[in-house]
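Trainee:
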Amino acid sequence: MRKSLQLLPIGAPDPDLLEWLRYELSDGFRVDCDLMEPIDPGFAFQPERKQYHSTELLHAMARHVGRNTWRVLGVTSLDLYIPILTFVFGEAQLGGRCAVVSYHRLRQEFYGLPNDRDLLAQRLLVESVHELGHTMHLTHCPDHFCVMSSSHAVEWIDIKQHTFCRECANRAVMSGGAR
168 MRKSLQLLPI
178 GAPDPDLLEW
188 LRYELSDGFR
198 VDCDLMEPID
208 PGFAFQPERK
218 QYHSTELLHA
228 MARHVGRNTW
238 RVLGVTSLDL
248 YIPILTFVFG
258 EAQLGGRCAV
268 VSYHRLRQEF
278 YGLPNDRDLL
288 AQRLLVESVH
298 ELGHTMHLTH
308 CPDHFCVMSS
318 SHAVEWIDIK
328 QHTFCRECAN
338 RAVMSGGAR
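For the sequence shown, counting from 1, position 151 maps to 318 in our numbering; every step adds exactly one.
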């Protein structure tokens, strides 16, 4: 049986956005992409920060990895962080099977700007591919257009393509990536 990418809704992300992402990731990685039942992220909430600890979410996601799972990608609209950073757009297990992305800070409204659904979708796709790249042993790339370039601000995401540069694509294939 062929392995598939599992999209795991965390909380209540937008179903239309998830369906669009499911299609794009399936097409881009050339894998089946299945939508799982959502999980409640309450256990990862940190009241003092009013954010969700992404590493705790990753640990909980591991139980969703099955025999036919290529990767599990958690998708949420919640604000994520790790203790050493104010926030993260996502986190992944380097060389592992799980990654999580948040579109909370990818929304134009977060910055006081008008809603732009198309821009949000593109940003979410870039961050999803980026975090999945980390699961394929890829680290940050110096090519600012490569999806594996680091993003410390949303403007940097807008510069990147949603694909790997040639070097990262070759390394992903060598590591057993789906592309």
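Every residue, glycine too, gets a C-beta built ideally from N, C-alpha and C.
Using a 10 Å radius around the Cβ and a threshold of 16 neighbouring Cβ atoms, would you call K217 buried or exposed?
Mentor: On the sequence shown, position 50 is the one that residue 217 refers to. Exposed.
Trainee: For a minimum of 4 consecutive residues, which ranges assigned as the alpha helix (DSSP H) are wholly contained in the region 219 to 275?
Mentor: DSSP runs (the alpha helix (DSSP H)) wholly in the region 219 to 275: 221 to 228.
Trainee: List the whole-angstrom C-beta distance separating R264 from T236, where the pair is believed to meet the contact cut-off of C-beta under 8 Å.
Mentor: As a first step, residue 264 must be located in the sequence shown, where it is residue number 97. As a first step, residue 236 must be located in the sequence shown, where it is residue number 69. Indeed they touch by this definition, with Cβ atoms about 7 Å apart.
Trainee: Tell me, please, whether the region 213 to 230 touches the region 248 to 258 by the rule of three or more beta-carbon pairs shorter than 8 Å.
Mentor: The answer is yes - the region 248 to 258 touches the region 213 to 230, with three or more Cβ pairs under 8 Å.
Trainee: Measuring CB to CB, does A266 end up less than 7 Å from M303?
Mentor: Residue numbering aside, residue 266 sits at position 99 when the sequence shown is read from its first letter. Residue numbering aside, residue 303 sits at position 136 when the sequence shown is read from its first letter. Not closer than 7 Å, so no.
Trainee: Quick one: Cα of G209 to Cα of F331, how far?
Mentor: Sequence index remark: in the sequence shown, residue 209 carries index 42 (1-based). Sequence index remark: in the sequence shown, residue 331 carries index 164 (1-based). Approximately 34 Å, taken between the alpha carbons.
Trainee: Please identify the residue among L174, G178, R272 and Q289 whose C-alpha is closest to the C-alpha of D207.
Mentor: For the purposes of this step, residue 207 is identified with residue 40 of the sequence shown, where counting begins at 1. Closest option to D207, Cα to Cα, is G178.
Trainee: Would you check if the distance between the CB atom of E215 and the CB atom of A259 is smaller than 7 Å?
Mentor: Working through the sequence shown from its first residue, we reach residue 215 at position 48. Working through the sequence shown from its first residue, we reach residue 259 at position 92. Against a cut-off of 7 Å, the Cβ pair of A259 and E215 comes out as no contact.
Trainee: Alpha carbon to alpha carbon, what distance is there between I326 and E334?
Mentor: Here residue 334 corresponds to residue number 167 of the sequence shown, with the count starting at 1. Here residue 326 corresponds to residue number 159 of the sequence shown, with the count starting at 1. The straight-line gap from Cα to Cα measures roughly 18 Å.
Trainee: Taking all protein chains shown into account, do 16 or more other C-beta atoms lie within 10 angstroms of the C-beta of Y278, making it buried, or fewer, making it exposed?
Mentor: As a first step, residue 278 is located in the sequence shown; it is residue number 111 there, counting from the start. Looking at its Cβ environment, which holds fewer than 16 other Cβ atoms inside 10 Å, Y278 is exposed.
Trainee: As a quick exercise: from L286, G233 and A336, pick the residue whose alpha carbon is nearest that of D310.
Mentor: The residue labelled residue 310 in the question sits at position 143 within the sequence shown. The residue with the shortest Cα to Cα distance from D310 is A336.
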